[in-house]
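Note that my numbering numbers the sequence shown so that position 332 is 339, with each residue one more than the last. Glycine included, C-beta positions come from ideal geometry on N, C-alpha and C.
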Amino acid sequence: MGLKCIEWLFAIGRALGWLGRRIAAGSVGPGGRFVRLLIPLYRLWWTMRRVGVHGRLRGTEAAVRLLTSRLVLQSIFAVVVLGIAMQTIHAREFGGFIGKRALLSTFITSEEEDLTEEIVEGPALPTQRPTFRAASVSTALQPTVLAAEAVADTPPSTTGFALIQPILTDAAVEETGRAGIQTYIVEPGDTPSTIAERFGLSTSTILWENALSAWSMIRPGDALRILPTDGVSYTVRRGDTLEAIAKRFGAEAEEILEFNRLVDADDIDVGDLLIIPGGRPPAIVAPPVIRRPTRPALPLPSISGKFLWPSEGGYRISQYFTWRHHGVDIAVAHGTTVFASEVGTVVSSGWIRGYGYQVLIDHGNGLQTRYGHNSKLLVVKGQRVDRGQPIALVGSTGRSTGPHIHYEVFANGARVNPFRYLR
């Protein structure tokens, strides 16, 4: 009879098609759900059969025959099969969990191990803040309490593993800013104040760094030096110390060390370019006049007329006389003739660092003129020159960004504003 029931079960599976194959594939076989159900039912049927055959309960023989009839048993199997099939399909569709006390739970319980949550009492782990630096992410493990309303927001997880999204904080991203001096090309409509606002600097910083005054004019195409912070820049000279530099520009030595990433105050060499944060240029102090009882103080040298303009046709001033720029720059084309401003004797004619090819002329009476950045020199040292005589050709040698005449005037050895003597 048991074998016939099993054959009948496979016949039902073939009749049901896909549903029957799904049920038979997961339920029939060693340890299957139907096998675990079939054995108790078969034992019950066999016991009732024996009772009916030996007549131990003659008063219930009719009931026993009814319960053990093929129609009743097939009906019971059909009900069980349909019930298990519906519960199995429902569980797979919604991913639900059928409790251990539910009907037929012993036949449909998942073969996966139950997951249990173990709560360990003890001091809470210290909370660590995750950080985000240089495109790397580090997440810190910390105890988490999930509220009922927050469960829907948790990331999907599988048995033994969880997907955890790292937390990024706004303070984790650091801004480095500008670390060095930049060159900015002036555009139409630019002014020192608008350029300063664009780079987050004060207007004074732009003027100081580029040797400009409040009355200076900038034009499209001019190149301006932009500092990374408010202050001034300074090139270390022989005999300089960090304390002396800080005192000269009204800054703090510690800030200079930190901003320029110096190890200590001795970590500077001649020629190093330093940024002086918060520094201000020193005031221009006129050379002191030494008064002697036996002779009056010498007045500034004067001449009967004005100095001759050193070039022909070039009257555009690219840089004026300031505390840092001890002359005027006259923008003229390369190869233009340079003229002597007054009669005099050539004191120097040759290469000098910074000036390039230059000519220095002594006009007597304490006055001298210098013409720098030339491409070619036409006079030699000791030569006597006349007013308006060609002495050089315009160039861009030395520390220069374009062809121009760097014109200086000396009065008693001190540089003065050339416009006091030029006509």
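Check, Outcome
"Beta-carbon proximity list for Glu-250, same chain, < 6 Å, skipping 5 on both sides", "Ala-260"
"Three-state class that DSSP yields for Ile-233 in the structure shown", "strand"
"Contact check, Gly-497 vs Tyr-362, beta carbons under 8 Å", "There is simply no residue 497 to check, as the chain begins at 8 and stops at 430 in what is shown."
"Under 8 Å between C-beta atoms of Val-366 and Val-386", "yes"
"Coarse secondary structure for Pro-317, derived from DSSP in three states", "coil"
"Length of the line joining the Cα atoms of Gly-257 and Val-354", "38 Å"
"Reduced DSSP category for Ser-211 - H, G, I as helix; E, B as strand; rest coil", "helix"
"Boundaries of the alpha helix (DSSP H) in which Leu-264 is found, first to last residue", "260 to 266"
"Secondary structure of Ala-155, DSSP reduced to three states", "Confidence is the limiting factor: at Ala-155 the pLDDT is only 38, short of 50, which leaves the residue's position unreliable and the question unanswerable from this model."
"Selection from Gly-196, Gln-390, Thr-236, Leu-231 that minimises the alpha carbon distance to Leu-208", "Thr-236"
"Reference Glu-265; option with closest CA among Thr-190, Gln-326, Ala-186", "Ala-186"
"Ser-355 - DSSP class collapsed to helix/strand/coil", "strand"
"Alpha-carbon spacing of Asp-369 relative to Thr-352, whole angstroms", "5 Å"
"Sub-8 Å separation of Ile-252 and Leu-281 beta-carbons", "yes"
"Supposed contact pair Pro-288 and Arg-226 - C-beta distance, whole angstroms, cut 8 Å", "No, Arg-226 and Pro-288 are not in contact; Cβ-Cβ is about 24 Å, not under 8 Å."
"N-terminal and C-terminal residue of the beta strand (DSSP E) that Thr-376 is part of", "374 to 384"
"For Glu-415: DSSP bridge partner residues", "Arg-377"
"Proximity to Lys-388 [Cα-Cα], best of Pro-410, Ser-356, Asn-372", "Ser-356"
"Environment of Asn-217 [buried if 16+ CB atoms lie within 10 Å]", "buried"
"DSSP bridge partner residues for Ser-240 (one or two, in chain order)", "Ile-282"
"Bridge-paired residues (DSSP) for Asp-336", "Gln-326, His-413"
"Residues near Asp-279 in its chain [Cβ-Cβ closer than 8 Å; skip 5 each side]", "Thr-242, Val-243"
"Beta-bridge partners of Ala-421, as assigned by DSSP", "Ala-418"
"Among Thr-212, Pro-199, Arg-394, Thr-408, nearest to Trp-316 - alpha-carbon criterion", "Arg-394"
"CA-to-CA distance, Gly-285 to Pro-133, given in whole angstroms", "In this prediction, Pro-133 has a pLDDT of 44, which is less than 50 and means its spatial position is unreliable; what the coordinates show is noted afterwards. Taking the straight line joining both Cα atoms gives about 42 Å."
"Reduced DSSP secondary structure (H/G/I, E/B, other) of Ile-83", "helix"
"Cβ-Cβ distance between Ala-338 and Gly-321 below 8 Å", "yes"
"Candidates Val-88, Gly-409, Asn-372, of which the one nearest Ala-340 by Cα", "Gly-409"
"Beta bridge counterpart(s) of Pro-397 as assigned by DSSP", "Phe-346"
"Rounded C-alpha distance that separates Glu-319 from Gly-405", "23 Å"
"Own chain residues within Cβ distance below 7 Å of Tyr-327, not counting five before or after", "Ser-220, Ser-223, Val-335"
"Beta-bridge pairing of Val-270 - partner residues as DSSP gives them", "Answer is none; Val-270 lacks a bridge partner."
"Alpha carbon of Gly-246 to alpha carbon of Asp-229, nearest angstrom", "34 Å"
"Cβ-based burial, Gly-167 [other Cβ within 10 Å; buried from 16]", "Note that Gly-167 scores 43 on pLDDT, short of 50, meaning its location in the model is unreliable and no value can be drawn from it."
"Nonlocal neighbours in the same chain, by C-beta distance under 7 Å from Thr-210, ignoring five residues either side", "Pro-199, Ser-200, Ala-203"
"Residue environment, Gln-189, which counts as buried when at least 16 other CB atoms sit within 10 Å", "exposed"
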